[in-house]
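Visitor: Residue numbers for the sequence shown follow the numbering used here, so the first one is -4 and each next one is one higher. Just so you know, even glycine gets a beta-carbon here, dropped at the ideal spot from N, CA and C. Below is a structure I'd like to ask you about.
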Amino acid sequence: MREIFVIGNITWHFWAIKRFINFIDISGIMYQIEELEKWKDKPEKIVYRYSASGDKWIYLILKKGCVAGEHYHKGLVASKNPEINIILKGKVEYYLKDLKSGKTEKVIIESPKIIKINPFVYHEIKAIEETLLLEPFDEEAVKKDRFDLDD
């Protein structure tokens, strides 16, 4: 669907793709606002996706008590070597287990913080309070490098 609007002396060319608005002619425009795509909506967490310039991100809303993660990576893809979690708001407890040495650790992190988790470290995240978390995430790449303890 293609539409043309004239507002003042600016001609706008729009077309909608999956609820996003892409600007073709942005002369005179300083910014644009887009809706985030809701990817998962569960009672304990909500996940939104975003992609720009080839980088893909997810924005998670973890409800108090939610446990997420429960996996490890082997470092086969750049976005998970290391895995980066940006805690924007809230408080979480990470359970970490180094699968090579067997060492385990629990760490409590309060926002705003970034945690970088190395390959072969199993990790679980428990939301101590409602938490907003941002993570680089390429779904296709992660399918190649996400493992449960059974794997």
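Leaving out five residues on either side along the sequence, give the residues of the same chain with a beta carbon under 6 Å from the beta carbon of Ile206.
Guide: Missing from the structure shown is residue 206; the chain here goes from -4 to 146 and no further.
Visitor: So, is Ile102 buried or exposed, given that buried needs 16 or more other C-beta atoms within 10 angstroms?
Guide: Sequence index remark: in the sequence shown, residue 102 carries index 107 (1-based). Checking the sequence shown, residue 102 turns out to be Val, not Ile. With fewer than 16 Cβ atoms within 10 Å of its Cβ, Val102 is classed as exposed.
Visitor: Using the DSSP secondary-structure output, state which residues sit across from Asn80 in a beta bridge.
Guide: Looking up residue 80 in the sequence shown gives position 85. Paired residues: Ile110.
Visitor: Can you name the residues that DSSP bridges to Lys35?
Guide: Reading the sequence shown from its first residue, position 40 is the one you call residue 35. For Lys35, which the question treats as bridged, DSSP gives the partners Val42.
Visitor: So if DSSP puts Phe142 in a beta bridge, which residue, or which two residues, is it bridged to?
Guide: Counting from one through the sequence shown, the residue named residue 142 turns up at place 147. Answer is Tyr67.
Visitor: For Val102, does the three-state DSSP call read helix, strand or coil?
Guide: In the sequence shown, counting from the first residue as 1, residue 102 sits at position 107. Val102: strand per DSSP, three-state reduction.
Visitor: Three or more beta-carbon pairs under 8 Å between the segment 94 to 109 and the segment 31 to 40, yes or no?
Guide: Output reads no: the segment 31 to 40 does not touch the segment 94 to 109.
Visitor: If you draw a straight line from the alpha carbon of Gly70 to that of Val116, how long is it in whole angstroms?
Guide: Walking along the sequence shown from the start, residue 70 turns up at place 75. Walking along the sequence shown from the start, residue 116 turns up at place 121. Rounded to the nearest angstrom, the two C-alpha atoms are 10 Å apart.
Visitor: Going by Cα to Cα distance, which pick from Cys61, Ala73, Lys86 is closest to Pro109?
Guide: Within the sequence shown, the letter at position 114 stands for residue 109. One detail in the question is off: residue 109 reads as Ile in this sequence, not Pro. Taking only the C-alpha atoms, the option nearest Ile109 is Lys86.
Visitor: So, with DSSP's three-state summary, where would you put Met(-4)?
Guide: Taking the first residue of the sequence shown as position 1, residue -4 is located at position 1. Bear in mind that the predicted position of Met(-4) carries a pLDDT of just 40, short of 50, making it unreliable; the figure below should be weighed with that in mind. Of the three classes helix, strand and coil, the one that applies to Met(-4) here is coil, per DSSP.
Visitor: Just how far apart, CA to CA, sit Leu128 and Asp145?
Guide: Residue numbering aside, residue 128 sits at position 133 when the sequence shown is read from its first letter. Residue numbering aside, residue 145 sits at position 150 when the sequence shown is read from its first letter. Roughly 26 Å between the two C-alpha positions.
Visitor: Quick one: grab the DSSP three-state call for Val116.
Guide: Indexing the sequence shown from 1 puts residue 116 at position 121. In the structure shown, Val116 sits in a strand (DSSP, three-state: E or B).
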